[in-house]
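Report on the following structure.
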Amino acid sequence: MNPIAKTLRPLASAAIFYYTTLWLVSLVVVGTIAQKYFGLQASLEKYFSAWFIQPMEMPIWLPSGRFTMALILVNLTAKMLFSTKWKWKMAGINITHLGVMILMIGGVMTAYTTIEGNLAIQEGKSSSVFKDFHQLELAVTDHSDPEFDHVTTFSEGFFTEGNTFSDSKVPFTFKVQKHHKNCEPVERTQGKQSPRLKQHATRYQFEALPPDKQDQNAGGIEVEITGVPAEAEGIYLFYFDPRRGGIATTIQGNDGKDYSIQLRPRQYELPFSVHLKDFEKLDHAGTMMARAYSSKVTVTDGDSKDDIKIYMNHPLRRHGYTLYQASFIQPNQSGIETSVFQVVYNKGRYMPYIAIAVITLGLLVHLCIQIPKLLSASAQKPTIGPKEPTKPTEHSI
385 MNPIAKTLRP LASAAIFYYT TLWLVSLVVV GTIAQKYFGL QASLEKYFSA
435 WFIQPMEMPI WLPSGRFTMA LILVNLTAKM LFSTKWKWKM AGINITHLGV
485 MILMIGGVMT AYTTIEGNLA IQEGKSSSVF KDFHQLELAV TDHSDPEFDH
535 VTTFSEGFFT EGNTFSDSKV PFTFKVQKHH KNCEPVERTQ GKQSPRLKQH
585 ATRYQFEALP PDKQDQNAGG IEVEITGVPA EAEGIYLFYF DPRRGGIATT
635 IQGNDGKDYS IQLRPRQYEL PFSVHLKDFE KLDHAGTMMA RAYSSKVTVT
685 DGDSKDDIKI YMNHPLRRHG YTLYQASFIQ PNQSGIETSV FQVVYNKGRY
735 MPYIAIAVIT LGLLVHLCIQ IPKLLSASAQ KPTIGPKEPT KPTEHSI
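Numbering (our numbering), first residue to last: 385 to 781.
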């Protein structure tokens with residue numbers, strides 16, 4: 385055995401799989417209970433999407449879902465490479481292990497590629513932009529061009545406290561002072577007269593809040609802006625509440641242009657456009673409660689146009705994106721209805737189906753290999769019948 389294989393062989397231990405699986409079950413139980421107190425998204429991020437978890441702010445770190453799943457994947461890979469017996473009689477077991485590995489790889493793809501958001505379209509309107517459910521972005525818009533707006537966005541990955549970020553299309557720089565996943569603006573109690581505080585920051589400050597149980601978190605970011613005229617440099621607050629929206633702030637850059645800055649849900653562009661022709665809602669008899677609702681849309685994809693009806697269990701699937709009929713907004717004053725679609729993008733969405741097929745094949749192969757052995761063993765097993773009566777033993781006296 386070569387030194388590398390000898391060094392990595394302990395990673396194939398069955399004990400690693402047993403204990404990590406037991407720990408994963410514990411995380412599922414705790415994470416499920418936590419949803420009641422912290423909300424679905426916060427529980428997912430803490431117990432499943434994170435690498436490590438710090439229980440009750442104690443000075444220790446325990447493996448979270450992502451590390452546990454990674455360890456199981458490494459264990460299965462090591463088992464396949466260093467401990468698996470590549471013989472016909474083990475073919476079924478090996479195929480089953482391969483199916484489990486595919487399932488784990490699909491989980492990795494889902495964790496790093498999934499995007500979820502919503503697309504709201506009024507009747508008669510078209511759109512190809514949907515908004516993320518959970519992620520925010522700082523959008524800087526240049527309105528100087530009469531033809532169209534130039535928008536530069538910075539995702540939440542830039543919002544680490546102390547981080548400085550900018551872009552060649554933006555003539556000023558941001559430095560993050562504080563970032564809150566969920567907060568509320570409260571009256572500023574100290575430093576109101578500080579010349580470094582600008583606009584909303586002169587009156588308000590952010591107060592951190594625990595995650596919202598309904599996943600309606602209001603994000604806030606406090607940044608220092610430099611690279612603008614001296615009187616405009618200082619601390620600014622940007623805030624977005626999913627219930628009430630956000631407020632844009634206008635700043636003039638050193639290039640003399642006005643820039644609108646706003647914290648908003650992260651936006652993505654679909655590779656096709658959706659036009660809502662008609663939204664239909666059916667109510668339960670004698671009530672205003674929706675029994676069913678659907679949307680008739682026209683999908684423009686390049687030079688092609690397709691008329692499609694989206695309704696329950698009949699989503700629109702195109703270019704890896706899936707649009708589900710999720711909700712609706714009651715008619716506005718003009719009587720125009722709005723249909724709301726849930727948009728999901730997931731490169732690993734087919735992996736569970738492939739994994740289940742491979743696992744099923746592995747179990748069938750294993751069963752087919754074992755059946756002849758079972759039949760042979762059954763044929764060779766002696767028949768148990770009634771015992772012959774034994775003669776009494778004679779003893780001489």
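For glycine and all other residues, C-beta sits at the position ideal for the given N, C-alpha and C.
- Message: Is the separation between the beta-carbon of I609 and that of E617 shorter than 8 Å?
- Response: Within the sequence shown, residue 609 is the residue found at index 225, counting from 1. Within the sequence shown, residue 617 is the residue found at index 233, counting from 1. A distance below 8 Å separates the beta carbons of I609 and E617.
- Whole-angstrom distance between S550 and F422, CA atom to CA atom: One-based indexing of the sequence shown puts residue 422 at position 38. One-based indexing of the sequence shown puts residue 550 at position 166. Spanning the two alpha carbons is a distance of roughly 34 Å.
- Query: Are G782 and K565 close, meaning C-beta to C-beta below 8 Å?
  - Reply: It is not possible to answer for residue 782, since the shown part of the chain is limited to 385 through 781.
- Among residues of its own chain, excluding the 5 on either side of Q583, which ones have a beta-carbon nearer than 8 Å to its beta-carbon? Indexing the sequence shown from 1 puts residue 583 at position 199. By the criterion of a C-beta distance shorter than 8 Å, Q583 is surrounded in its chain by Y620, L621 and T633, once the five residues flanking it on both sides are discounted.
- Take the Cβ of E615 as the centre, count every other Cβ of all protein chains shown within 10 Å, and call the residue buried at 16 or more, exposed below. Along the sequence shown, read from residue 1 onward, the residue named residue 615 stands at position 231. By the 10 Å Cβ count, E615 comes out exposed.
- Mind pulling the alpha helix (DSSP H) runs of 4 or more residues that sit fully within the stretch 637-702? The stretch 637-702 is shown to contain no whole alpha helix (DSSP H) run of 4 or more residues.
- Query: Can you pull the DSSP bridge partners for C752?
  - Reply: Sequence index remark: in the sequence shown, residue 752 carries index 368 (1-based). BP columns for C752 are empty, so no partner.
- Between which two residues does the alpha helix (DSSP H) carrying L487 extend? By one-based count along the sequence shown, residue 487 stands at place 103. L487 -> alpha helix (DSSP H) spans A475 to T497.
- Item | First through last residue of the alpha helix (DSSP H) which encompasses F451 | Counting from 1 along the sequence shown, the entry for residue 451 is found at position 67. Segment G449 to A462, the alpha helix (DSSP H) holding F451.
- Message: Looking at V724: is its Cβ nearer than 8 Å to the Cβ of A454?
- Response: What you label residue 724 is simply residue 340 of the sequence shown in a count that begins at 1. What you label residue 454 is simply residue 70 of the sequence shown in a count that begins at 1. At a Cβ-Cβ threshold of 8 Å, V724 and A454 do not count as neighbours.
- Could you tell me which residues DSSP puts in a beta bridge with F432? For this step, residue 432 is matched to residue 48 along the sequence shown. Bridge partners of F432: none, in fact.
- Once you ignore the five residues that flank E568 on each side, which residues in its own chain have a CB closer than 7 Å to its CB? Here residue 568 corresponds to residue number 184 of the sequence shown, with the count starting at 1. When the five nearest sequence neighbours on each side are left out, the beta carbons in the same chain lying within less than 7 Å of the beta carbon of E568 are those of E591, L593 and A602, in order along the chain.
- Message: The beta strand (DSSP E) that contains I444, what's its start and end?
- Response: Taking the sequence shown and counting its residues from 1, one reaches residue 444 at position 60. In the DSSP assignment, I444 falls outside any beta strand (DSSP E), carrying neither H nor E.
- Query: Excluding sequence positions up to five away, which residues of its chain have a Cβ less than 6 Å from the Cβ of T498?
  - Reply: Here residue 498 corresponds to residue number 114 of the sequence shown, with the count starting at 1. Once the five neighbours on either side are set aside, the close Cβ partners of T498 are N730.
- Task: Could you tell me the boundaries of the alpha helix (DSSP H) in which L522 lies?
- Result: The count along the sequence shown starts at 1 and reaches residue 522 at position 138. L522 -> not in any alpha helix (DSSP H); beta strand (DSSP E) instead, spanning S510 to D526.
- Message: Taking 8 Å as the cut-off, does the stretch 686-705 touch the stretch 462-471 (at least 3 CB pairs, one atom from each stretch)?
- Response: Too few Cβ pairs lie closer than 8 Å, so no.
- Over what stretch of residues does the alpha helix (DSSP H) that includes V414 continue unbroken? For the purposes of this step, residue 414 is identified with residue 30 of the sequence shown, where counting begins at 1. For V414, the enclosing alpha helix (DSSP H) begins and ends at A398 to F422.
- Message: Our contact map puts I743 next to G541 with C-beta atoms below 8 Å; I'd like the distance itself, whole angstroms only.
- Response: Working through the sequence shown from its first residue, we reach residue 743 at position 359. Working through the sequence shown from its first residue, we reach residue 541 at position 157. That belief does not hold up - the Cβ atoms of I743 and G541 are roughly 36 Å apart, past 8 Å.
- Message: So if DSSP puts K559 in a beta bridge, which residue, or which two residues, is it bridged to?
- Response: Against the sequence shown, residue 559 aligns to sequence position 175. Within the DSSP bridge table, the entry for K559 names T548 and E608 as partners.
- Message: According to DSSP, is E540 part of a helix, a strand, or is it coil?
- Response: For the purposes of this step, residue 540 is taken as residue 156 along the sequence shown, with counting starting at 1. Residue state, collapsed to three classes: helix.
- Between the C-alpha atoms of S780 and A763, what's the straight-line distance to the nearest angstrom? The residue you call residue 780 lines up with position 396 of the sequence shown. The residue you call residue 763 lines up with position 379 of the sequence shown. Any reading at S780 needs caution, since the residue's pLDDT is 45, under 50, leaving its predicted position unreliable; the model's value is listed next. Rounded to the nearest whole angstrom, the C-alpha separation of S780 and A763 is 46 Å.
- 8 Å contact criterion, which I437 and L446 should meet: CB distance rounded: The sequence position of residue 437 within the sequence shown is 53, counting from 1. The sequence position of residue 446 within the sequence shown is 62, counting from 1. I437 to L446, Cβ: 5 Å. Contact.
- Task: Measure the C-alpha to C-alpha separation of D687 and S657 and round it to an integer number of angstroms.
- Result: Numbered from 1 along the sequence shown, position 303 holds the residue referred to as residue 687. Numbered from 1 along the sequence shown, position 273 holds the residue referred to as residue 657. Using only the alpha carbons, I get a separation of about 11 Å.
- Return yes when the Cβ of L406 is within less than 8 Å of the Cβ of T452, no when it is not. For the purposes of this step, residue 452 is identified with residue 68 of the sequence shown, where counting begins at 1. For the purposes of this step, residue 406 is identified with residue 22 of the sequence shown, where counting begins at 1. In this structure, L406 does not lie closer than 8 Å to T452 by Cβ.
- Query: Taking C-alpha atoms, which residue in Y643, T537, S711 and D690 lies nearest to D529?
  - Reply: As a working note, residue 529 is residue 145 in the sequence shown. Minimum Cα distance to D529 is reached at Y643.
- Out of curiosity, what's the CA-to-CA distance linking Y431 and A495? As a position in the sequence shown, residue 431 is number 47, starting the count at 1. As a position in the sequence shown, residue 495 is number 111, starting the count at 1. About 13 Å.
- Would you list the residues sitting across from I505 in a DSSP beta bridge? Your numbering for residue 505 matches position 121 in the sequence shown. I505 pairs with S723.
- C-alpha gap between Q709 and P655, whole angstroms: For the purposes of this step, residue 709 is identified with residue 325 of the sequence shown, where counting begins at 1. For the purposes of this step, residue 655 is identified with residue 271 of the sequence shown, where counting begins at 1. Roughly 19 Å between the two C-alpha positions.
- Task: Under 6 Å Cβ to Cβ from T525, same chain only, skipping five residues before and after it: list those, please.
- Result: Translated into the one-based positions of the sequence shown, residue 525 becomes position 141. For T525, the CB contacts under 6 Å within the same chain, skipping 5 residues up- and downstream, are D533, V535 and S644 in chain order.
- Task: Inspect the beta-carbon positions of F514 and V681 and report whether they are closer than 8 Å.
- Result: Within the sequence shown, residue 514 is the residue found at index 130, counting from 1. Within the sequence shown, residue 681 is the residue found at index 297, counting from 1. Going by beta carbons, F514 and V681 fall outside the 8 Å limit.
- Task: Tell whether a beta-carbon distance below 8 Å holds between I753 and G449.
- Result: Taking the sequence shown and counting its residues from 1, one reaches residue 753 at position 369. Taking the sequence shown and counting its residues from 1, one reaches residue 449 at position 65. The Cβ-Cβ distance between I753 and G449 does not fall below 8 Å.
- Item | H481, buried or exposed, once every other Cβ within 10 Å from all chains shown has been counted against 16 | Your numbering for residue 481 matches position 97 in the sequence shown. Flag for H481 reads buried.
- Query: Can you tell me whether G630 is buried or exposed, with buried defined as 16 or more other CB within 10 angstroms of its CB?
  - Reply: Taking the sequence shown and counting its residues from 1, the one referred to as residue 630 is at position 246. With 16 or more Cβ atoms within 10 Å of its Cβ, G630 is classed as buried.
- Kindly say whether H534, judged by its beta-carbon, lies nearer than 8 Å to any beta-carbon of chain C. This model lacks chain C altogether; it includes just one protein chain.
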